[in-house]
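**Student:**
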Amino acid sequence: MDEVRTEAWWGRRAWALLSAVRARTPLVQCITNLVSMDIVANAMLAAGASPAMIHCLREVPDFSPRCDAVYINVGTLSEDWLPSMRAAASSGRPWVFDPVAVAASGFRMEACLSLLALRPAVVRGNASEILALASRSDDSFKGVDSSHDSSDALQAAKALAQSSGAVVAVSGAVDFITDGMQVVSASNGVPMMQKITATGCAVTALIAAFVGADPSDALVAAACALAIFGLAGEIGMESARGPASLRMHLIDALYGLDEQTVTSGVKISLLP
Amino acid sequence: MDEVRTEAWWGRRAWALLSAVRARTPLVQCITNLVSMDIVANAMLAAGASPAMIHCLREVPDFSPRCDAVYINVGTLSEDWLPSMRAAASSGRPWVFDPVAVAASGFRMEACLSLLALRPAVVRGNASEILALASRSDDSFKGVDSSHDSSDALQAAKALAQSSGAVVAVSGAVDFITDGMQVVSASNGVPMMQKITATGCAVTALIAAFVGADPSDALVAAACALAIFGLAGEIGMESARGPASLRMHLIDALYGLDEQTVTSGVKISLLP
Amino acid sequence: MDEVRTEAWWGRRAWALLSAVRARTPLVQCITNLVSMDIVANAMLAAGASPAMIHCLREVPDFSPRCDAVYINVGTLSEDWLPSMRAAASSGRPWVFDPVAVAASGFRMEACLSLLALRPAVVRGNASEILALASRSDDSFKGVDSSHDSSDALQAAKALAQSSGAVVAVSGAVDFITDGMQVVSASNGVPMMQKITATGCAVTALIAAFVGADPSDALVAAACALAIFGLAGEIGMESARGPASLRMHLIDALYGLDEQTVTSGVKISLLP
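Chains H, P and Y supply the protein sequences, listed in that same order.
With this note's numbering, the residue at position 199 of the first sequence is 199, and numbering never jumps.
Position in the second sequence (first residue = 1) + 1000 = this note's numbering.
Position in the third sequence (first residue = 1) + 2000 = this note's numbering.
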């Protein structure tokens, strides 16, 4: 593309994608962890998408092909859900991968590597998760929350994008999104969002909704979804008195976002 | 019955049933989908019922007979939960059925038809679900949210009630409840409730609580539960700034409903 | 210990333990029921802990030994999760047990007795649960909510503590915590907390976080966690308009607790 990707360009793209989600109501199959179900579904509905938490292997052949996108999250991985994850990821629909706590066990690392081989459109993780996945090592596990800054994982993200063919997003105080060549940063959000469980899951599901509404450019979709979710967090923070009220105000804000707020509020830029 | 079912009569019945739930604290076994667990449990507690999410097949023989009612919801159906659903539905207690996304797959349609044969007291779905269940066809699937108006499904609901022996409720902007002969409409609620995940599950669980508190008339119980939940949504909407705050205010309102509010607020009528 | 355990002493201990949780961010594996996942994770994050809901048996050998504590809750018990519970309880980490609705079935009673034999650091239940567990009988089951006052279960709690080697906490309007010899009471909290699903699960998880941050005295950790959670409920109640807003304000309050509020607010005393 020859167009110059200014901050204003990103603002227009973010609004166009959110509008596409609202207009097309993409149906997104979510095979996600048990902790995240409520916030994932509510965030997607607030954004205008249609989430469907369906994880039964026998339903995948009928159901997954009808979806606009698939979201897979291994937070509460189990042996009986893994075949459904693999089948849904293989259904031919664009899919987005959240390798939660990938280094928690050897079993989880293997499961994530096997899913990664099924060519997700986007992988989104925190810095510790992306570092572990890129190195294929669970040596550094410290818990489900990241013990690294997102910038620590930038080279790992680029390498992972190149080896997997996926867009890789590392979330943190600044989010980095890369296809292995270009790197985009998204700087919306507030620190207290990390005190709400499954906000990472919710934003990754939102990436799936954006990809489902417009699969033409997964890098742009991922950056815009991350920025918009963070922007909703910033607006929510104005009314919040703690993490539980932030959660409520964030989802309300996501629902109420208008063109002016989005185009002027998202902070995305292409790194040189 | 010879009494005339005026709007005032319905108001008094709705209040009497809510009061019965609060006084008797019906124990309701809920085998419900993973997304809905939190809002189902909290809505039932706010209404005065005692929910118990117990889905293990080995517990059904001891536990289900102790319950006042059973609620079964297939939203996140799996092969290992289906036998528990069947066993609980066969326990001799009145039970209420929520055939979420019945047309999502052939497996789900078959599972729902097998449950329907176990004679639920009430089936509650959106128009798309009732149409699919009545026609035994999954051709029209568009997602878990309805792509039809409730009035589109009225004839299907009557036919389904006649063939199944259940009261059938179709929820939408106006809810219709029928035993195959009479049709009652309930018109409470606000559109934004559809932007909160699992409100349909929560109101169906509330129907189970009402049936558990007074099993004498499932048609009346279903209509009153739908109207009361919708009324709580209307009250919640007065303070809401989006779907997440609506969810909170709805449950607070359900907890705080008083006689004057219920008797004057429910909008139920018998269709001619 | 020779120090006199005045109310002021308890206030200082409670603050010291909450500060330890915030400083050390204990990683707590939670194998908990499906209803409670959201509130358990959010309450733990608000308190400063790092929850990880991981229940897959194949992950236990790698993951459980890395945790500071384990929390096990049988609310939605199933045959396939029980081996994971047993394995995590046997991993050598201190663990806290929530025998939700232990008397709901013979299967559940047996499962709880088998877990109890694996020497939890703390068992926390309502009066009905502790009475049933101590008597090994499911005759009295009335539902997941308690049908007894906590004081009814005090002798049962002492006997259970002596036979199991665990600290036993009975929660209610007044919580009692005993190691079989000493009995401590904690009197924080508000009645409406019982109208929020899984508050009992959340406070038991918080006990696990406190034990994880400082395993030196499980009796003190349990009493302080119960009092602090109740204190957050009292503060939340000042802004609540019903159970759903109480839930939000409680978690916000838990996040915001400061030294003055904790030291002057917890109501713990050693019974003579």
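Just so you know, even glycine gets a beta-carbon here, dropped at the ideal spot from N, CA and C.
Does DSSP put P:PRO1051 in a helix, a strand or coil?
**Tutor:** Of the three classes helix, strand and coil, the one that applies to P:PRO1051 here is strand, per DSSP.
**Student:** Against chain Y, which members of the stretch 248 to 260 of chain H pass a CB distance test of less than 9 Å?
**Tutor:** If the cut-off is 9 Å between Cβ atoms, the stretch 248 to 260 of chain H has MET248 near chain Y.
**Student:** Applying the criterion that 16 or more other CB atoms from any shown protein chain within 10 Å of the CB defines a buried residue, is P:LEU1271 buried or exposed?
**Tutor:** Counting Cβ neighbours within 10 Å, P:LEU1271 comes out exposed, since fewer than 16 surround it.
**Student:** At what residue ranges does the stretch 1076 to 1102 of chain P contain a whole run of the alpha helix (DSSP H), taking only runs of 4 or more?
**Tutor:** Runs of the alpha helix (DSSP H) inside the stretch 1076 to 1102 of chain P: 1082 to 1089.
**Student:** I need the DSSP call for P:ASN1033, collapsed to helix, strand or coil.
**Tutor:** Coil.
**Student:** Buried or exposed: P:ASP1098, going by 16 or more other Cβ atoms within 10 Å of its Cβ?
**Tutor:** Result: buried.
**Student:** Closer than 7 Å to a non-hydrogen atom of the ligand FAD - does that hold for the CB of H:ILE177?
**Tutor:** As far as ligands go, the structure on display features none, and thus does not contain the ligand FAD.
**Student:** From the beta carbon of H:ALA41, is the nearest beta carbon of chain P less than 8 Å away?
**Tutor:** By this cut-off, H:ALA41 is an interface position.
**Student:** Using a Cβ-Cβ distance under 8 Å, would H:ARG58 count as near chain Y?
**Tutor:** H:ARG58 does not count as touching chain Y.
**Student:** Please report the distance separating the alpha-carbon of H:THR6 from that of H:SER269.
**Tutor:** One C-alpha to the other measures close to 7 Å.
**Student:** Under the rule that 16 or more other beta-carbon atoms within 10 Å means buried, what is Y:PRO2120, buried or exposed?
**Tutor:** It counts as buried.
**Student:** Can you tell me which of the three DSSP states P:SER1135 falls into?
**Tutor:** Residue state, collapsed to three classes: helix.
**Student:** Taking buried to mean at least 16 other C-beta atoms within 10 Å of its own C-beta, is P:VAL1004 buried or exposed?
**Tutor:** Looking at its Cβ environment, which holds fewer than 16 other Cβ atoms inside 10 Å, P:VAL1004 is exposed.
**Student:** Do you know offhand how far H:THR263's Cα is from P:MET1248's?
**Tutor:** The straight-line gap from Cα to Cα measures roughly 30 Å.
**Student:** Which whole-angstrom value is the C-beta distance of H:ALA89 and H:LEU131, which I expect to be below 8 Å?
**Tutor:** About 23 Å; that fails the 8 Å criterion.
**Student:** In chain Y, which residues lie less than 8 Å from H:ARG12 when you measure between Cβ atoms?
**Tutor:** Ordered by position in chain Y, no residue passes the 8 Å Cβ test against H:ARG12, which lies about 35 Å from the chain.
**Student:** Can a CB atom of chain P be found closer than 8 Å to the CB of Y:LEU2034?
**Tutor:** Yes, its Cβ sits closer than 8 Å to a Cβ of chain P.
**Student:** Considering just the uninterrupted stretch of the beta strand (DSSP E) at Y:THR2178, what are its terminal residues?
**Tutor:** Note, Y:THR2178: beta strand (DSSP E), 2175 to 2178.
**Student:** Taking all protein chains shown into account, do 16 or more other C-beta atoms lie within 10 angstroms of the C-beta of P:MET1001, making it buried, or fewer, making it exposed?
**Tutor:** Here P:MET1001 scores only 49 on pLDDT, less than 50, and its place in the model is too uncertain to base an answer on.
**Student:** Answer yes or no: does any C-beta atom of chain Y fall closer than 8 Å to that of P:ASP1145?
**Tutor:** Not one chain Y Cβ lies under 8 Å of P:ASP1145.
**Student:** If you reduce the DSSP assignment to three classes, tell me which class P:LEU1203 lands in.
**Tutor:** In the sequence as presented, Leu is not what sits at residue 1203 of chain P; that position holds Val. Helix at P:VAL1203.
**Student:** Am I right that Y:ALA2208 and Y:TYR2071 are in contact with their C-beta atoms under 8 Å? What's the rounded C-beta distance?
**Tutor:** Contact holds; Cβ gap of about 4 Å.
**Student:** Taking only beta-carbon positions, decide if Y:ILE2196 is within less than 8 Å of chain P.
**Tutor:** True, the Cβ-Cβ gap to chain P drops below 8 Å.
**Student:** Helix, strand or coil, according to DSSP, for Y:ASN2188 in the structure here?
**Tutor:** Three-state result, Y:ASN2188: coil.
**Student:** Output, in chain order, the set of chain A residues within a Cβ distance shorter than 9 Å of H:THR76.
**Tutor:** Of the protein chains in this structure, namely H, P and Y, none is chain A.
**Student:** Can you list, in chain order, the residues of its chain with a C-beta nearer than 6 Å to that of H:ARG22? Leave out the 5 residues immediately preceding and following it.
**Tutor:** Counting only Cβ-Cβ distances below 6 Å, and skipping sequence neighbours, we find GLY48.
**Student:** If P:LEU1057 sits next to P:ALA1087, beta carbons under 8 Å apart, how far is it from one beta carbon to the other, in whole angstroms?
**Tutor:** Contact holds; Cβ gap of about 6 Å.
**Student:** Give a yes or no on whether the minimum CB-CB distance between Y:ASP2062 and chain H is below 8 Å.
**Tutor:** Y:ASP2062 counts as touching chain H.
**Student:** Please classify H:LEU27: does DSSP put it in a helix, a strand, or coil?
**Tutor:** Residue state, collapsed to three classes: strand.
**Student:** Starting from the C-beta of P:SER1128, find all residues in its chain whose C-beta is less than 6 Å away, skip the five residues before and the five after it, and write them out in chain order.
**Tutor:** Around P:SER1128: SER1146, SER1147 and HIS1148.
**Student:** For H:ILE72, does the three-state DSSP call read helix, strand or coil?
**Tutor:** In this structure, H:ILE72 counts as strand in the three-state DSSP scheme.
**Student:** Between Y:ALA2278 and chain P, is the shortest Cβ-Cβ distance under 8 Å, so that the two count as touching?
**Tutor:** Missing from the structure shown is residue 2278 of chain Y; chain Y here goes from 2001 to 2272 and no further.
**Student:** Considering only residues of the stretch 1195 to 1272 of chain P, which uninterrupted alpha helix (DSSP H) runs meet the minimum length of 4 residues and lie entirely inside it, listed in chain order?
**Tutor:** As far as the stretch 1195 to 1272 of chain P is concerned, its whole alpha helix (DSSP H) runs of at least 4 residues are 1199 to 1213, 1218 to 1239, 1243 to 1256 and 1259 to 1265.
**Student:** To the nearest angstrom, how far is it from the Cα of Y:PRO2065 to the Cα of H:CYS201?
**Tutor:** Going from the Cα of Y:PRO2065 to the Cα of H:CYS201 covers about 26 Å.
**Student:** Apart from the five residues just before and just after P:ASN1033, which ones in its own chain have a Cβ nearer than 6 Å to its Cβ?
**Tutor:** For P:ASN1033, where only same-chain residues beyond five positions count, the Cβ hits under 6 Å are ASN1073, GLY1075 and THR1076.
**Student:** Can you name the residues of chain H whose CB is closer than 8 Å to the CB of Y:ALA2046?
**Tutor:** Within chain H, the residues near Y:ALA2046 are LYS195, GLY242, PRO243 and ALA244.
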